[in-house]
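S.K.:
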Amino acid sequence: MSLVTRNTALVLYGVLLVLPTFVLGGLHWYQLVREHQVEVAAVPTETNDAARRLSDALERRLADLLERESQRPFYHYKRAYFPPGTAGTDLAFVPSPLVRGRPPEGILAWFAYERPQGPKFGPKVEPQIFGGSREGSDAWQAQAQGLLATTQQIAARDWAEGFVRRMMRLHSVRAEPLELPVAAINISPEEDVGCLRQELPKLQRLATESLQVTTWGFHVRFYRDQVGTPRIHASRSVTVDPTKKLDDMPECFANLGRGASFVQGFYIDPAWLFGELPQALSTQVLDVSQVFLPAGSAEPPPSAELQTVSIRPVKELRFETYQPEDLDYGLMRIAVDTRDLEARFRSQSLHFLGVTAMLVLSLGTGMMLLLRSVRRDLEAARRTENFVAAITHELRTPLSAIRLYGEMLEDGWVDADASKRAEYYRRIVRETGRLETLVERVLEKSQIAAGSARPEPGDLNRVIEGLRGALCAADEARGEHDLEIALDPALPPVMLIADSVRSIVTNLVENARKYAPVDLSRPGAEPIRVVTRTLGRDVVLEVVDRGPGIPAAERARVFEAFYRVGNETTRTARGTGLGLHLVALQSEAMGARVQVLDRLGGGTVFRVTFRPAEGGEAVPAALADAGA
Ligand code: ADP
């Protein structure tokens, strides 16, 4: 039964607490590891995505810039121009935005030149460079010189490449009509203002006429000059169709009749496109775990934890280049340090392990407490069961004997034999005595539980002396002296309850006689001893015997109620398991402490240590522990 109950408790505990905890813990751990693996596996994809986002953003910003510049009318590429709709009696030129005002962000300068045609056939061009408000700065002259040289070099290259290659660069064409006078005035070289003014009436007659102006989209190239200065050159072609209407015009408009072709464009600041702009964009498009390494920063050392993706802006923005290595110019990187991920995973694991350890600890403690309580309950049930079995047995034996002898006497079986009759009466009286003891012990136990008596200062020896007659009566009747009482006459007073002391001594002596009987026929047999003495500062009462002793494992338990060493069937001596329990209860009632000790040379020592009487004198120093 006990095994079944304990197993049921364990199974319930396991099913309701331990199993769900382990299953949930296991799932949580699995999820933790899985999430970490997914995160680590996603790093390369996420880094590539981030690089794409960044180069897309860069491309969009460049497209915006080109789009804005493509809206600029071709006649802005002059120092002063003649705005449409103002052709009146005089010529009013307006300064171009390319020579005043701040250039838009990212633009270094503009350039424009007439594409050589007809008799001017040849590679040599005379570009004009415009720097907006920058033209006033000290560095401008040198800068403009450099840009002029680059523009000429690129023009020369274009010329050398030939017509077909040049045509391939033309895309997204836009054709618009423009009032003829405006086109004529803006296309003429500026120096001829005098001529223009003079011939204005002639032009005004053609005011309703218009010319077709064709503007091509910007083509961007990356170029490095002889000294390696990087240039981002965006250029477009603008052509004006030839017209017969201007054939008979004065010299200053004569060019126009043959049509015109210009190359216009601007230089993008590489420091802006490859530096400031991506740096600014990176803060918008990158995750916190991704680090932007700008162009020109050192390549990070290769390592398993650091994953990098490169962005080649020249290549990705599809700029035309002249050298293969130009494609790598402005290379920037996005780096992800997976050590952060690992560190996070480690701290999460530690946290999880901490919680697990705590759970295991509390579950283990719970399991232990549960087991202990189940065991204690089972033990109590077992003891009660033992008690019922023992008491039934103890009751039945004397009762059967009394009945047997009573019936034999009643039926007149021993009428003839007076001595037998006397013997039977004696047996009836003895068995009745045993019954009485049993009942008394049960009563005594309930009395102690009620706790009516209080310990008082008293003389231990006197109480024991008073018992001498009762303890030795049996000896004397048998003529055997199996008990020796040795009392220390210098014993200080102790806190005691006389009835309790009597009960203790009687019980212990009875037990000794029962479990360690003295074989007086054997030479040198030692009697059972009842001793009082001082031990250090304490007063002790000891009952010692030369019996089999009590196994160490049982010592703590013999004082429990109904506890008997061994099991009920193997025990030969009669008992209830109440004797030592009463001893312990009585000691406790007096504030004394009872112990069972091994005796040197075999046997048992039961020692009761008393509390000194309150206000009593000091006890002499320790004496040798001769008995134990
Ligand atoms: P009972 O004597 O009724 O069985 P007790 O409470 O008096 O119950 O004793 C408990 C157990 O302690 C006994 O069953 C016995 O095995 C053991 N015991 C008690 N006194 C002694 C002793 N002096 N020597 C050996 N064993 C003892």
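When you line the sequence shown up against the working numbering, it's residues 30 to 657, in that order. Note that the Cβ used here is the ideal one computed from N, Cα and C, for glycine as well. These figures come from a predicted structure and were not determined experimentally.
#1: If I measure Cβ to Cβ from Arg-450 and keep anything under 6 Å in the same chain, skipping five residues before and after, which residues do I get?
#2: If I measure Cβ to Cβ from Pro-148 and keep anything under 8 Å in the same chain, skipping five residues before and after, which residues do I get?
#3: For Asp-93, which of helix, strand or coil comes out of DSSP?
#4: Find out if the Cβ-Cβ distance for the pair Val-222, Val-242 is shorter than 8 Å.
#5: In the DSSP assignment, what are the bridge partners of Gln-336?
#6: Could you tell me if the beta carbon of Gly-578 falls within a distance shorter than 7 Å of some heavy atom in the ligand ADP?
#7: So, with DSSP's three-state summary, where would you put Ser-217?
#8: For the stretch 197-216 against the stretch 239-258, are there 3 or more C-beta pairs whose distance is under 8 Å?
#9: I'd like to confirm the pairing. Which residues does DSSP put opposite His-248 in its beta bridges?
#10: Could you name the residues that DSSP lists as bridge partners for Thr-563?
#11: If you draw a straight line from the alpha carbon of Gln-293 to that of Cys-224, how long is it in whole angstroms?
#12: Tell me whether His-610 is buried or exposed, calling it buried when 16 or more other Cβ atoms sit within 10 Å of its Cβ.
#13: Shorter than 7 Å, the distance from the beta carbon of Asn-415 to the closest heavy atom of the ligand ZN, or not?
#14: Taking 7 Å as the cut-off, does the CB of His-422 come closer than this to any heavy atom belonging to the ligand ADP?
#15: Going by beta-carbon coordinates alone, are Arg-144 and Ser-290 separated by less than 8 Å?
#16: Within the present structure, is the beta-carbon of Gly-608 separated from the nearest heavy atom of the ligand ADP by less than 7 Å?
#17: Return yes when the Cβ of Gly-161 is within less than 8 Å of the Cβ of Pro-124, no when it is not.
#18: Kindly identify the DSSP beta-bridge partner or partners of Arg-253.
#19: Using a Cβ-Cβ cut-off of 7 Å (strictly less than) and excluding sequence neighbours within five positions of Ala-38, which residues of its own chain qualify?
#20: Near Arg-463, which residues of its chain fall below 7 Å by C-beta distance, leaving aside the five closest residues on each side in sequence?
#21: Is there at least one non-hydrogen atom of the ligand ADP closer than 7 Å to the beta-carbon of Gly-604?
#22: What residues in its chain sit with their C-beta under 7 Å from that of Arg-575, if we drop five residues either side in the sequence?
#23: Classify Gln-352 as helix, strand or coil using the three-state DSSP reduction.
#24: Could you tell me which residues DSSP pairs with Gly-294 in its beta bridges?
#25: Specify the secondary structure class of Pro-126 as computed by DSSP and reduced to three states.
#26: Return the first residue and the last residue of the beta strand (DSSP E) that Pro-342 is part of.
#27: Pick out the complete beta strand (DSSP E) segments inside the stretch 568-637, 3 residues or longer, and give them in chain order.
#28: Tell me where the alpha helix (DSSP H) around Ala-309 begins and ends.
#29: In angstroms with no decimal places, state the Cα-to-Cα distance between Leu-322 and His-65.
#30: Residues in the same chain with beta-carbon distance under 6 Å from Phe-150, minus the five sequence neighbours each way, listed in chain order, please.
#31: Compute the Euclidean distance between the alpha carbons of Asp-627 and Glu-452, then round it to the nearest angstrom.
#32: Quick check: the Cα distance between Phe-295 and Glu-68, rounded to an integer number of angstroms?
#33: Please check the pair Ala-618 and Thr-638, which I expect to be a contact at CB under 8 Å, by giving their CB distance rounded to whole angstroms.
#34: Tell me the DSSP secondary structure of Arg-558 in three-state form.
#35: So Asp-316 and Ala-79 are in contact, right, with Cβ under 8 Å, and what is the actual spacing, rounded?
#36: Relative to the C-alpha of Trp-58, which candidate in Ser-332, Leu-209 and Leu-382 has its C-alpha closest?
M.R.: The short version:
#1: Here residue 450 corresponds to residue number 421 of the sequence shown, with the count starting at 1. If we look at Arg-450 and ignore the five residues flanking it on each side, its Cβ neighbours are Val-443.
#2: Here residue 148 is taken as the residue at index 119 of the sequence shown, counted from 1. Because Pro-148 sits at a pLDDT of 48, beneath the cut-off of 50, its placement in the model cannot be relied upon, and the following sentence gives the value as read from the coordinates. Excluding positions up to five away in sequence, the list is empty.
#3: The count along the sequence shown starts at 1 and reaches residue 93 at position 64. Correct three-state label for Asp-93: helix.
#4: Position 193 of the sequence shown, counting from 1, holds the residue named residue 222. Position 213 of the sequence shown, counting from 1, holds the residue named residue 242. Not closer than 8 Å, so no.
#5: On the sequence shown, position 307 is the one that residue 336 refers to. Answer by DSSP bridge pairing, in chain order: Val-365.
#6: As a position in the sequence shown, residue 578 is number 549, starting the count at 1. Result yes, Cβ under 7 Å from the ligand ADP.
#7: In the sequence shown, residue 217 corresponds to position 188, counting from 1. The answer is coil: DSSP assigns Ser-217 none of H, G, I, E or B.
#8: Because the criterion of three Cβ pairs below 8 Å is met, the stretch 197-216 and the stretch 239-258 touch.
#9: Stepping through the sequence shown from its first residue, residue 248 is reached at position 219. BP columns for His-248 point to Ser-264.
#10: Numbered from its first residue, the sequence shown carries residue 563 at position 534. Bridge partners of Thr-563: Val-568.
#11: Taking the sequence shown and counting its residues from 1, the one referred to as residue 293 is at position 264. Taking the sequence shown and counting its residues from 1, the one referred to as residue 224 is at position 195. Cα-Cα distance, rounded: 26 Å.
#12: Along the sequence shown, one-based indexing puts residue 610 at 581. By the neighbour-count rule (16 or more Cβ atoms within 10 Å), His-610 is buried.
#13: As presented, the structure is devoid of the ligand ZN, carrying the ligand ADP as its sole ligands.
#14: By 1-based counting over the sequence shown, the position of residue 422 is 393. Checking the Cβ of His-422 against the ligand ADP gives no.
#15: Numbered from 1 along the sequence shown, position 115 holds the residue referred to as residue 144. Numbered from 1 along the sequence shown, position 261 holds the residue referred to as residue 290. Going by C-beta atoms, Arg-144 is nearer than 8 Å to Ser-290.
#16: The count along the sequence shown starts at 1 and reaches residue 608 at position 579. Result yes, Cβ under 7 Å from the ligand ADP.
#17: Along the sequence shown, read from residue 1 onward, the residue named residue 124 stands at position 95. Along the sequence shown, read from residue 1 onward, the residue named residue 161 stands at position 132. No. Outside cutoff.
#18: Taking the first residue of the sequence shown as 1, we reach residue 253 at position 224. BP columns for Arg-253 point to Pro-259.
#19: As a first step, residue 38 must be located in the sequence shown, where it is residue number 9. Closer than 7 Å at the Cβ level, and outside the excluded window around Ala-38, lie Leu-399 and Val-403.
#20: Against the sequence shown, residue 463 aligns to sequence position 434. Only Pro-427 meet the Cβ criterion.
#21: In the sequence shown, counting from the first residue as 1, residue 604 sits at position 575. Yes.
#22: Taking the sequence shown and counting its residues from 1, one reaches residue 575 at position 546. Only Ala-545, Glu-555, Gly-631 and Gly-632 meet the Cβ criterion.
#23: Here residue 352 is taken as the residue at index 323 of the sequence shown, counted from 1. Residue state, collapsed to three classes: coil.
#24: Position 265 of the sequence shown holds residue 294. In the DSSP output, where bridge partners are listed per residue, Gly-294 has Phe-140 and Ser-264.
#25: As a first step, residue 126 must be located in the sequence shown, where it is residue number 97. Here Pro-126 sits in coil by DSSP.
#26: Indexing the sequence shown from 1 puts residue 342 at position 313. Element bounds for Pro-342: not the beta strand (DSSP E) but the alpha helix (DSSP H), 342-345.
#27: 622-627
#28: In the sequence shown, counting from the first residue as 1, residue 309 sits at position 280. From DSSP, the alpha helix (DSSP H) with Ala-309 extends over 306-314.
#29: In the sequence shown, counting from the first residue as 1, residue 322 sits at position 293. In the sequence shown, counting from the first residue as 1, residue 65 sits at position 36. Leu-322 and His-65: Cα-Cα distance of roughly 26 Å.
#30: Here residue 150 is taken as the residue at index 121 of the sequence shown, counted from 1. Unreliable positioning characterises Phe-150 in this predicted model, as indicated by a pLDDT of 48, which lies under 50. The coordinate reading is nonetheless provided below. If we look at Phe-150 and ignore the five residues flanking it on each side, it has no Cβ neighbours.
#31: The residue you call residue 627 lines up with position 598 of the sequence shown. The residue you call residue 452 lines up with position 423 of the sequence shown. Taking the straight line joining both Cα atoms gives about 41 Å.
#32: For the purposes of this step, residue 295 is taken as the residue at position 266 of the sequence shown. For the purposes of this step, residue 68 is taken as the residue at position 39 of the sequence shown. Their backbone Cα atoms lie some 45 Å apart in a straight line.
#33: The sequence position of residue 618 within the sequence shown is 589, counting from 1. The sequence position of residue 638 within the sequence shown is 609, counting from 1. Their Cβ separation, rounded to whole angstroms, is 14 Å, which puts Ala-618 and Thr-638 out of contact at 8 Å.
#34: The residue given as residue 558 occupies position 529 in the sequence shown. In this structure, Arg-558 counts as strand in the three-state DSSP scheme.
#35: Sequence index remark: in the sequence shown, residue 316 carries index 287 (1-based). Sequence index remark: in the sequence shown, residue 79 carries index 50 (1-based). Their Cβ separation, rounded to whole angstroms, is 7 Å, which keeps Asp-316 and Ala-79 in contact under 8 Å.
#36: Numbered from its first residue, the sequence shown carries residue 58 at position 29. It is Leu-382.
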